[in-house]
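> Numbering (this note's numbering), first residue to last: 1391 to 1725.
From the three backbone atoms N, C-alpha and C, an ideal C-beta is built for every residue, glycine too.
The structure under discussion is supplied below as structure tokens; questions concerning it will follow.
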Amino acid sequence: MEVERVQAIASFSITMDTIPSEFIRLEHERPGTTTFHGPVPEMPIIDLSDQDQDNLVRLITKASEESGIFQVVNHGIPVDVINKLQKVGREFFELPQEEKEACATPPGAGHSEGYGTKLQKEIEGKKAWVDHLFNKIWPPSSINYNFWPKNPPSYRETNEEYAKCLRGVVDKLLMTLSLGLGLEGNVLKEAVGGDGVEYLLKINYYPPCPRPDLALGVVAHTDMSAITVLVPNEVPGLQVFRDEHWFDAKYTPNALIIHIGDQIEILSNGKYKSVLHRTTVNKEKVRMSWPVFCSPPGDRIIGPLPQLVSDENPAKYKTKKYKDYQYCKINKLPQ
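Structure representation (structure tokens):
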């Protein structure tokens, strides 16, 4: 059965003031009525090149405890590497449909790698206004190039270069988060798999939508990863839930947006918060984003770190294999 892509639906809907009913969110989810329009809390901007390590630990710890989201600048990834990442992503989604379908996720594949549309179970058969491309980009042993586009020709080289640069950023973040828990700097990285941590790139493509007040690009969720590093394009759309309201996140040019994911919340026994967020869409412009989900290998057992559990502070989460956590999350089953 041929899958209908949102990009194709959008091209038919462009002159209309309506969208198919399966994209119209339930009343309590609609961004037109649930977005807060008062003062917006700032998303912290943290200088990752700060030589005062105590200050860096303090700022990242505070952001991770309070909201689970922050931006990092002076992160060491060259601007041209990020520009090339965005360029090859845009070029892929501008290809003819049959070329994109050549690296589509096969039905019933049991994984998300490749080009696709629907990702997880949705209540009442609703759909998100987004197409995507998933590729594992690290470690080399996890990469399946069958799901990497052959076109644009520089896609592979560009993403391998980005992965190489990104590893230093992720290592520094995990070290800083570990120190913020009062632990040795290597503890969190080792807990999530050491050098076996898997980097899964997702390119989100949100076409223009005639009714952005009714649709969502991605529904409200927390990331099941340990940590997520996101590159946005210039079109706003990320929203964060805080103080019982949905706020538009304000980006800083050339910053990376960092999400604390579920596995870091679990390992920290709830000290760090996995950020609840969603994505809105735009009436005139294409929005794109490039999150990389840094996650434990599937067989890695994750639970609250023993150093953080005591009679006074018992474990708040179950200990289980990451792949079992993943299965429950995707299928909306209790953990």
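With DSSP as the reference, identify every bridge partner of residue 1591, one or two as the case may be.
Numbered from 1 along the sequence shown, position 201 holds the residue referred to as residue 1591. DSSP lists 1525 and 1682 as partners of residue 1591.
> Assuming residue 1459 and residue 1630 make a contact with CB atoms under 8 Å, what is their CB distance in whole Å?
Taking the first residue of the sequence shown as position 1, residue 1459 is located at position 69. Taking the first residue of the sequence shown as position 1, residue 1630 is located at position 240. Residue 1459 to residue 1630, Cβ: 6 Å. Contact.
> Which runs of the alpha helix (DSSP H) fall wholly inside the region 1536-1589 and span at least 4 residues, in chain order?
1545-1570 and 1577-1581
> Where does residue 1437 sit, in a helix, a strand or coil, going by DSSP?
Residue 1437 sits at position 47 when you count from the first residue of the sequence shown. Strand, per DSSP.
> So, helix, strand or coil for residue 1720, using DSSP?
Stepping through the sequence shown from its first residue, residue 1720 is reached at position 330. Assigned with DSSP and collapsed to three states, residue 1720 falls in helix.
> Under 8 Å: do the region 1687-1705 and the region 1559-1573 share three or more Cβ pairs, one atom per stretch?
yes
> Where does residue 1647 fall in DSSP's three states?
Along the sequence shown, read from residue 1 onward, the residue named residue 1647 stands at position 257. Of the three classes helix, strand and coil, the one that applies to residue 1647 here is strand, per DSSP.
> Within 10 Å of its beta-carbon, does residue 1482 have 16 or more other beta-carbons around it, so buried, or fewer, so exposed?
Against the sequence shown, residue 1482 aligns to sequence position 92. It is buried - the Cβ of residue 1482 has at least 16 other Cβ atoms within 10 Å.
> Can you tell me whether residue 1500 is buried or exposed, with buried defined as 16 or more other CB within 10 angstroms of its CB?
Here residue 1500 corresponds to residue number 110 of the sequence shown, with the count starting at 1. Exposed, because fewer than 16 other Cβ atoms sit within 10 Å of the Cβ of residue 1500.
> Please name the residue in 1700, 1603 and 1699 whose C-alpha comes closest to that of residue 1424.
In the sequence shown, counting from the first residue as 1, residue 1424 sits at position 34. The candidate whose alpha carbon is nearest that of residue 1424 is 1603.
> Does the pairing of the region 1459-1474 with the region 1436-1449 give three or more beta-carbon distances under 8 Å?
yes
> Residue 1431 to residue 1637, Cα distance in whole Å?
Reading the sequence shown from its first residue, position 41 is the one you call residue 1431. Reading the sequence shown from its first residue, position 247 is the one you call residue 1637. One C-alpha to the other measures close to 8 Å.
> Would you mind reading off the limits of the beta strand (DSSP E) that contains residue 1423?
Translated into the one-based positions of the sequence shown, residue 1423 becomes position 33. Counting along the chain, residue 1423 falls outside any beta strand (DSSP E), though it belongs to the alpha helix (DSSP H) covering 1421-1424.
> Kindly indicate which three-state DSSP category residue 1391 falls into: helix, strand or coil?
The count along the sequence shown starts at 1 and reaches residue 1391 at position 1. Unreliable placement is indicated for residue 1391, whose pLDDT of 36 sits below 50; the coordinate value is still reported in the next sentence. Three-state result, residue 1391: coil.
> Give every residue of the same chain whose Cβ lies closer than 6 Å to the Cβ of residue 1413, excluding the five residues on either side of it in the sequence, and list them in chain order.
Translated into positions along the sequence shown, residue 1413 becomes position 23. If we look at residue 1413 and ignore the five residues flanking it on each side, its Cβ neighbours are 1517, 1519 and 1605.
> May I have the straight-line CA-CA distance separating residue 1627 from residue 1705, to the nearest angstrom?
By 1-based counting over the sequence shown, the position of residue 1627 is 237. By 1-based counting over the sequence shown, the position of residue 1705 is 315. One C-alpha to the other measures close to 35 Å.
> Indicate whether residue 1495 and residue 1537 have their beta-carbon atoms separated by less than 9 Å.
Residue 1495 sits at position 105 when you count from the first residue of the sequence shown. Residue 1537 sits at position 147 when you count from the first residue of the sequence shown. It is a contact, given that the beta carbons lie within the stated cut-off.
> Please determine if the region 1440-1448 and the region 1535-1553 are in contact, where contact requires at least 3 C-beta pairs separated by less than 8 Å.
no
> Residue 1616 and residue 1718 look like a contact to me (Cβ under 8 Å); what is the Cβ gap, rounded to whole Å?
Position 226 of the sequence shown, counting from 1, holds the residue named residue 1616. Position 328 of the sequence shown, counting from 1, holds the residue named residue 1718. The Cβ separation is near 17 Å, so there is no contact.
> Please tell me whether residue 1712 and residue 1689 are closer than 9 Å, where the distance is taken between their beta carbons.
Here the question's residue 1712 lines up with position 322 in the sequence shown. Here the question's residue 1689 lines up with position 299 in the sequence shown. Closer than 9 Å, so yes.
> Around the C-beta of residue 1391, are 16 or more other C-beta atoms found within 10 angstroms, so that it is buried, or is it exposed?
Translated into positions along the sequence shown, residue 1391 becomes position 1. Low confidence applies here, because residue 1391 scores a pLDDT of 36, under 50, leaving its location unreliable; read the following figure in that light. The residue is exposed, with fewer than 16 neighbouring Cβ atoms inside 10 Å.
> Just to confirm my understanding: we take residue 1651, look at its own chain, exclude 5 residues before and 5 after, and list those with CB closer than 6 Å. What are they?
Numbered from its first residue, the sequence shown carries residue 1651 at position 261. Within the same chain, residue 1651 has close Cβ partners 1613, 1615, 1616, 1617, 1618 and 1664.
> Are the CB atoms of residue 1609 and residue 1331 within a distance shorter than 9 Å?
A query on residue 1331 cannot be resolved here, the shown segment of the chain reaching from 1391 to 1725 and no further.
> From residue 1476 to residue 1527, what does the alpha carbon distance come to, in whole angstroms?
Position 86 of the sequence shown, counting from 1, holds the residue named residue 1476. Position 137 of the sequence shown, counting from 1, holds the residue named residue 1527. Whole-angstrom Cα-Cα distance: 15 Å.
> For the alpha helix (DSSP H) containing residue 1507, list its first residue and its last residue.
The residue given as residue 1507 occupies position 117 in the sequence shown. Segment: none, residue 1507 is in no alpha helix (DSSP H) and carries neither H nor E.
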